[in-house]
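Protein chains in written order, with the numbering used here: chain A, 9 to 118; chain B, 36 to 147. Taking it in order: structure first as structure tokens, then the write-up.
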């Protein structure tokens, strides 16, 4: 079965420090991986997807098929990055759409 | 271009009752997905509708059912409500399956 794990429920870093939010997945096909973010009192929104290979708000994520990981990284965290982050996998071939991880709350301290 | 809207914002029901939640997809989107998000967890896929047909379903019992209308708006119906059905229900629309999903604000359902 398709599964997404995010080992950290809460991650606290100081402003200007590097941040890495971990995501691992299990999927036997070719996955499409996403990171979604939810800022306080806002709706869930797409941050980035692996196929576009973009850097959004300074965040990047590389799909590592060997380690089945899709970790989200930013070299210098900002206070406005504080939010809930969800890793998600698109598993269309199995008749199921998105599989979300449980989420990691990032808190950037001043 | 209007975003995804959901109604009602929140509601309270009792065990055994039935509930209907509504979603209007973003303009131009033909695919709607529904998710259940329990407190402290990530969204869990319930099902997806594409051109008025169910196009995939997660591990939810048949008492969770849905509809999509010709204008691509959608309903989620839950029969015989249970306490564990208390959650935030999210609707998301996209142009095609697997593409970027745009989420609504959610409906908070409380079952007493």
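We treat Cβ as the ideally placed atom computed from N, Cα and C, and that holds for glycine.
Is there a Cβ of chain A sitting closer than 8 Å to that of residue 135 (chain B), yes or no? Taking the first residue of the second chain as 1, we reach residue 135 (chain B) at position 100. With 8 Å as the cut-off, residue 135 (chain B) counts as an interface residue toward chain A.
Contacting positions in the region 72–91 of chain B - beta carbon closer than 9 Å to chain A: 72, 75, 76, 77, 78, 79, 80, 82, 83, 90 and 91
Is the shortest distance between the beta-carbon of residue 95 (chain B) and the beta-carbons of chain A less than 8 Å? Within the second chain, numbered from 1, the residue matching residue 95 (chain B) stands at position 60. It does not: the Cβ of residue 95 (chain B) has no partner Cβ on chain A nearer than 8 Å.
Those runs of the beta strand (DSSP E) which lie wholly inside the region 58–91 of chain B and span at least 3 residues: 66–72 and 79–85
Report, in whole angstroms, the separation of the C-beta atoms of residue 56 (chain B) and residue 89 (chain B), which I expect to be a contact under 8 Å. As a working note, residue 56 (chain B) is residue 21 in the second chain. As a working note, residue 89 (chain B) is residue 54 in the second chain. About 16 Å; that fails the 8 Å criterion.
Contact belief for residue 66 (chain B) with residue 108 (chain B) at Cβ below 8 Å, rounded distance in angstroms: In the second chain, counting from the first residue as 1, residue 66 (chain B) sits at position 31. In the second chain, counting from the first residue as 1, residue 108 (chain B) sits at position 73. That pair is no contact at about 12 Å.
Can you pull the DSSP bridge partners for residue 57 (chain A)? Here residue 57 (chain A) is taken as the residue at index 49 of the first chain, counted from 1. According to DSSP, residue 57 (chain A) bridges with A:42.
Once the 5 residues before and after residue 3 (chain A) are set aside, which same chain residues still bring their CB inside 6 Å of it? Shown here, chain A extends from 9 to 118; a query on residue 3 (chain A) therefore has no answer.
Is residue 99 (chain B) close to chain A, meaning its C-beta is less than 8 Å from at least one C-beta of that chain? Sequence index remark: in the second chain, residue 99 (chain B) carries index 64 (1-based). By this cut-off, residue 99 (chain B) is not an interface position.
Given 8 Å, three or more beta-carbon pairs between the region 38–45 of chain B and the region 135–147 of chain B: yes
Whole angstroms are fine: how far does the CA of residue 56 (chain A) sit from the CA of residue 78 (chain A)? Here residue 78 (chain A) refers to the residue found at position 70 when the first chain is read from its first residue. Here residue 56 (chain A) refers to the residue found at position 48 when the first chain is read from its first residue. The alpha-carbon atoms of residue 78 (chain A) and residue 56 (chain A) are separated by roughly 11 Å.
Measure the CB-CB distance between residue 85 (chain A) and residue 116 (chain A) and report whether it falls below 8 Å. Counted from its first residue, the first chain places residue 85 (chain A) at position 77. Counted from its first residue, the first chain places residue 116 (chain A) at position 108. It is a contact, given that the beta carbons lie within the stated cut-off.
Look up residue 45 (chain B) in the DSSP assignment and give the residues it is bridged to. Locating residue 45 (chain B) in the second chain gives position 10, where the first residue counts as 1. Paired residues: B:143.
Alpha carbons only, please: which of A:97, A:108, A:87 and A:98 is nearest the one belonging to residue 114 (chain A)? Here the question's residue 114 (chain A) lines up with position 106 in the first chain. The shortest C-alpha separation from residue 114 (chain A) is found at A:87.
Which residues DSSP lists as bridging residue 113 (chain B), in chain order: What you label residue 113 (chain B) is simply residue 78 of the second chain in a count that begins at 1. B:54 and B:99.
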